[in-house]
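Trainee: The structure under discussion is supplied below as structure tokens; questions concerning it will follow.
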Amino acid sequence: MLMKNNLLAIEDINKEEVRYLLKGAKKLAQAKSVPLFLNGKTVANLFFENSTRTRSSFEIATRKLGGSVLNFTATTSSVQKGESLIDTARNIEAMQPSCIVVRHASAGSPKVLADAVNIPVVNAGDGFHEHPTQALLDVFTIEEKLGSVLKKKILIIGDIAHSRVARSDIHLLKKLGAQVSVCGPPTLLPPEPESLGVSYSYRLEDFLNMADVIVALRIQLERQNKMQIPTLNEYAKFWGINAERAKLIKKGAIILHPGPINRGVELQSEVADGPLSVILDQVANGVLVRMSALAALCMPKEYEEWVKYG
Amino acid sequence: MIERFIIRGGKIIDPAQDIDFTGDVLVEDGKIKALEKPGKIPVSRGLKIIDAKKFWVLPGLIDVHVHLREPGFEYKETIETGTKAAVAGGFTSIACMANTLPVNDSPSITAYIREKARQSASCRVFPVGALSKGLKGEELAEIGGMIGEGAKAISDDGIPVMNSYLMRKGLDYAKAFGVAIIDHAEDSSLVGQGVMNESIFSTELGLRGNPQASEEIMVARDIALCRLTKSRLHIAHISTAVALEHLKRAKDEGLLVTAEVSPHHLTLTEEEIRNYDTNFKVAPPLRSKKDVLTLRKALAHGYIDIIASDHAPHSVNEKALEFDQAANGIIGLQTTVPLTLGLVREKILPLKRWIESLTIAPAKLLGIEYGTLKKGSQADITIIDPNEQWTFSEALNRSKSKNSPFFGRTFRGKVKMTIMGGRIVFEDGIVN
């Protein structure tokens, strides 16, 4: 069971809560028929930032649990008319959904929103801060492929400084006993990366041969400005995984990517589509962990019962 | 065929090894084979002997700040003519700045310069890659790619990087490749249209002043960014006493900052401009007497690490103009040694410090293996007669350009021979 009525950040939840959500997701994957925990309920997707795949994933998760979806996107909403985040949230709440899923470009806004409403809030990504369901699906995928994350060596490559995926992944993997290292151009690493409890290098070759799991982050063209990376070509040359570098990767290792891939930048096609890639498994597992999170927040007692005994 | 020769009887000085003694250097197959007391090296028949009695035998000199102008400005200088001037001035390695046309801001231009140097250069040429694309100060250039093609430092030299965010990111990014950012430290918005040091002299001459604060601000800013990024910063042609205070404090703090000074900033003052001779027009401008004295002291103490010529050739058409219209720059490759050797003779600069600032200190900045006479290293050697009197003239000038204020000046101390990789590339007035 979750201690709080929200899922805002991996940093806020403990190991037992993580285990509970992952156990539920696994059970949902194996169940012959999934109970319709969200039957008659509505999940409001409040997306202040463009996202097709995360929103679709939440939408499918909701529908698989029998719920209906209210999609509220910033581009078509009253936000453009100057309504504040809190006013928008209260208006949505007045329509009586069971839960709000929020994505926002400003770090911390899911917390502001959660404080303003009395229904559960799920963070679907806030600025550079956190993306908890992404971290959950990453761990779910790693455990599915490698059994456990305990003591596994995880290498996260790319824009660590401006990535909510990196932060949530680092928090979650460390919580579960993995050894995390990060690599990327110095312009894209946070100041003093070691303070996050990770080792770091600017040279991919320093870690590539030791990693059990490689997470290649998307180079955010939309956020990127050209004062941080000269060109995508140079990024690919030093920090992309091509067929040549893939030879350094140890046997049995897997490659994750939160998507969407810039082919030829973070991963060359032969790597993205190659045997080490588990990228499409991540997408499939994303629906499961989101179902687990929504059920745990909207029907806490019933879901806990089912996870335990069902 | 193994080529061997011996340089006999010279005063061998190599600060990198803390060596200073009279003896012989044996060169074999392009490398330093032995350094010995006189007579210790057996002289077999056919062994070529270079007599260096009364001469100084030094590691080949290194200049980290040269404008070779190729590609794009071949009318000012080419890699061929510039490196001829370099070896005539005693230099065996030089770093060339990126403000060419096209700008050296991509791996292919760096490769082009290296290839051109391989074909036509008399000395080793190490390109400096641009920090920003087109020196526009807007986007990072492909620093990693240029390093991969042989660039040894990164700089927008000639144009200050006014955007602090870009400078910060450049310093950060360069850490991945271990190279220093060379800083042309002038706040160009404060320089404005200034053409000489701002002082009573600029007022009297009626020329617009460039205040010392323009350098002080930039040096202070970039030291702050050096502290923030823990990256390597090198301040080019430092010229003011207050900027030196910033530098000293940064060094005492342990920051990865180094600095160079040009021979003209060590030996000339703003007062030279009184005849509106554009050969004295440089950026940063010639400063006050007090600045010159402070720079000398800082160089002697090692706060300034390096002497660099800032060889900046311009055609007559760009210099024979009204003072405020003329281009900035002085050619300096052939006058760096005699000008700064004068400071050694006047006991302003210790001999060892002088050589260090022209050999191992610049080698360290560029991360190159030269600048020492260590056994087994490449035989890059400069032989100097510290006493010979000579007069610099257009006839002796090897640069394609003539923008020197030193023609007609009589010096004491002359480069007698320059050897690169065991090959004599300059000998007594002749570039081989």
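These protein sequence lines are chains A and B, in that order. Numbers 1 to 310, taken from our numbering, label the letters of the first sequence in order. Numbers 311 to 742, taken from our numbering, label the letters of the second sequence in order. Yeah, the Cβ is synthetic: ideal placement off N, Cα and C, and Gly gets one too.
Just the chain B side, please: which residues come within less than 8 Å of Glu205/A by C-beta, in chain order?
Mentor: Within chain B, no residue comes near Glu205/A; the closest Cβ sits about 12 Å away, beyond 8 Å.
Trainee: Between Asp467/B and Ile492/B, is the Cβ-Cβ spacing less than 8 Å?
Mentor: The answer is yes: Cβ separation under 8 Å.
Trainee: For Val121/A, name the three-state secondary structure that DSSP assigns.
Mentor: strand
Trainee: Kindly say whether Tyr475/B, judged by its beta-carbon, lies nearer than 8 Å to any beta-carbon of chain A.
Mentor: The Cβ of Tyr475/B sits closer than 8 Å to at least one Cβ of chain A.
Trainee: Check for me: the beta strand (DSSP E) holding His544/B runs from which residue to which?
Mentor: Leu543 to Ile545
Trainee: Check each residue of the stretch 451-485 of chain B: if its Cβ is closer than 7 Å to any Cβ of chain A, include it; give the result in chain order.
Mentor: Ala451, Glu452, Ile453, Gly454, Gly455, Tyr475, Leu476, Lys479, Asp482, Tyr483 and Lys485
Trainee: Can you give the Cα-Cα distance for Met311/B and Gly356/B, rounded to whole angstroms?
Mentor: Reliability of the predicted coordinates at Met311/B is poor, the pLDDT of 48 falling under 50, and the value obtained from them is presented with this limitation in mind. For Met311/B and Gly356/B, the distance between alpha carbons rounds to 13 Å.
Trainee: Between Val180/A and the rest of its own chain, which residues show a CB-CB distance below 7 Å, the 5 nearest in sequence each way excluded?
Mentor: Ile154, Ile156, Ile170, Leu173, Lys174 and Val198
Trainee: Among the candidates Phe511/B, Phe401/B, Glu563/B and Val552/B, whose CA atom is the shortest distance from the CA of His621/B?
Mentor: Phe401/B
Trainee: Quick one: Cα of Val271/A to Cα of Val287/A, how far?
Mentor: For Val271/A and Val287/A, the distance between alpha carbons rounds to 24 Å.
Trainee: Output needed in chain order: residues of the stretch 181-210 of chain A with a Cβ under 7 Å from some Cβ in chain B.
Mentor: Pro185, Pro186, Thr187 and Tyr202
Trainee: Indicate whether Ser552/B and Leu605/B have their beta-carbon atoms separated by less than 8 Å.
Mentor: A small fix is needed here, since residue 552/B is Val in this sequence, not Ser. For Val552/B and Leu605/B, no; Cβs fall outside 8 Å.
Trainee: Per DSSP, which residues does Glu439/B bridge with? Please list them.
Mentor: Strictly speaking, residue 439/B in this sequence is Gly, with Glu absent from that position. Ile464/B, per the DSSP bridge assignment.
Trainee: Cβ-heavy atom distance between Gln503/B and the ligand NAD below 7 Å?
Mentor: Summarising the ligand content, the structure contains no ligands, and the ligand NAD is consequently not present.
Trainee: Using the beta-carbon of each residue, which ones in chain B are nearer than 7 Å to Phe128/A?
Mentor: Near Phe128/A there are no residues of chain B at all, since even the closest Cβ is about 17 Å away, more than 7 Å.
Trainee: Can you tell me which of the three DSSP states Cys433/B falls into?
Mentor: coil
Trainee: Cα separation between His375/B and Asp334/B?
Mentor: 31 Å
Trainee: Mind reading off the beta-carbon distance from Glu5/A to Pro120/A? Whole number of angstroms is fine, and I expect it under 8 Å.
Mentor: Correcting the residue type first, residue 5/A is Asn in the shown sequence and not Glu. Right, the Cβ-Cβ distance comes to about 5 Å (below 8 Å), so this counts as a contact.
Trainee: Please report the distance separating the alpha-carbon of Asp482/B from that of Ser195/A.
Mentor: 18 Å
Trainee: Going by the beta-carbon positions, is the gap between Ile322/B and Ile316/B smaller than 8 Å?
Mentor: One thing to note: Ile322/B has its Cβ no nearer than 8 Å to the Cβ of Ile316/B.
Trainee: I'd like the ranges of any alpha helix (DSSP H) spanning at least 4 consecutive residues and lying wholly in the stretch 587-674 of chain B.
Mentor: When DSSP assignments are scanned along the stretch 587-674 of chain B, the uninterrupted stretches of alpha helix (DSSP H) that are 4 or more residues long and fall wholly within it turn out to be 599-611, 626-629, 646-655 and 661-666.
Trainee: Comparing the C-beta of Glu563/B with each C-beta of chain A, is any distance below 8 Å?
Mentor: no
Trainee: Is it the case that the Cβ atoms of Val367/B and Ile359/B are separated by a distance below 8 Å?
Mentor: no
Trainee: In angstroms, rounded to a whole number, what distance separates the CA positions of Glu449/B and Ala534/B?
Mentor: 21 Å
Trainee: Go ahead and pull the three-state DSSP assignment for Gly444/B.
Mentor: Helix.
Trainee: Does any CB atom of chain B fall closer than 8 Å to the CB of Gln179/A?
Mentor: no
Trainee: Taking DSSP as the reference, what is the three-state secondary structure of Glu679/B?
Mentor: coil
Trainee: Tell me which residues share the same chain as Gly314/A and place their Cβ nearer than 7 Å to its Cβ, disregarding the 5 neighbours each side in the sequence.
Mentor: Because chain A here runs from 1 to 310, residue 314/A falls outside it and cannot be looked at.
Trainee: Quick check on Thr391/B: buried or exposed, where buried means 16 or more other Cβ atoms within 10 Å of its Cβ?
Mentor: buried
Trainee: According to the Cβ coordinates, are Thr682/B and Pro369/B closer than 8 Å?
Mentor: Yes, Cβ-Cβ distance for Thr682/B and Pro369/B is below 8 Å.
Trainee: Please list the residues of the stretch 16-32 of chain A that have a C-beta atom closer than 8 Å to any C-beta atom in chain B, keeping them in chain order.
Mentor: The stretch 16-32 of chain A vs chain B, Cβ under 8 Å: nothing.
Trainee: Going by DSSP, what residue range makes up the beta strand (DSSP E) through Thr568/B?
Mentor: Val567 to Val571
Trainee: Are the C-beta atoms of Glu449/B and some chain A residue less than 8 Å apart?
Mentor: yes
Trainee: What first and last residue would you give for the beta strand (DSSP E) that runs through Lys153/A?
Mentor: Lys153 to Ile157
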